[in-house]
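Right, one structure below, let's go through it.
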Amino acid sequence: MRKRGFGELEAVIMDRIWNRRSDTPVTVRDICNELSSERNIAYTTVMSTMDNLHTKGWLARIRDGKAYRYWPTLTREQHSAKMMREALDSGGRVDLVLGYFLDQIGPEDSARLRVALGRSRQRVREH
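So for the sequence shown, our numbering puts the first residue at 894; every next one is plus one.
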């Protein structure tokens, strides 16, 4: 099952990386050690998946000795916003898509959306 534009293992790896401190790059070994406690997974599988995420632009990396250290190019929230933008751009009439979306969210999310819209309006006024 694809999740948030990633393949299944890509999504698991990105979740692990996002759950860490953003200023701490990770190695393939770090992620492999975490995942191996929950599933039988080969180091090379994690390595090729992280390399694919780098090639796709989701992870940046720098060589550290014989290994690479990886970090996300976007925060989890930035990635989610990008996916929402792509969904809006490909989903037909934006007003209808947004209307259907609003019909599906609960009162708490609706309140958060109102606060976010207020902040957005304030930023527009300041610029």
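Glycine included, each C-beta is placed from N, C-alpha and C at the ideal position.
Status (buried if at least 16 other CB within 10 Å, exposed otherwise) for residue i
i: MET976; result: exposed
i: HIS1020; result: exposed
i: LEU1006; result: exposed
i: TYR993; result: exposed
Start and end residues, beta strand (DSSP E) containing residue i
i: PRO965; result: 960-965
Cβ-Cβ separation, residue j to residue i (assumed contact under 8 Å), whole Å
i: TYR936; j: VAL921; result: 7 Å
i: THR966; j: LEU902; result: Incorrect: roughly 18 Å between the Cβ atoms, too far for contact.
Per-residue DSSP class, three states only, for residue i
i: ALA1004; result: helix
i: ALA974; result: helix
i: ASP957; result: strand
Continuous alpha helix (DSSP H) stretch holding residue i: start and end
i: ALA904; result: 901-911
i: ARG922; result: 921-929
i: HIS947; result: 936-948
i: ASP996; result: 987-997
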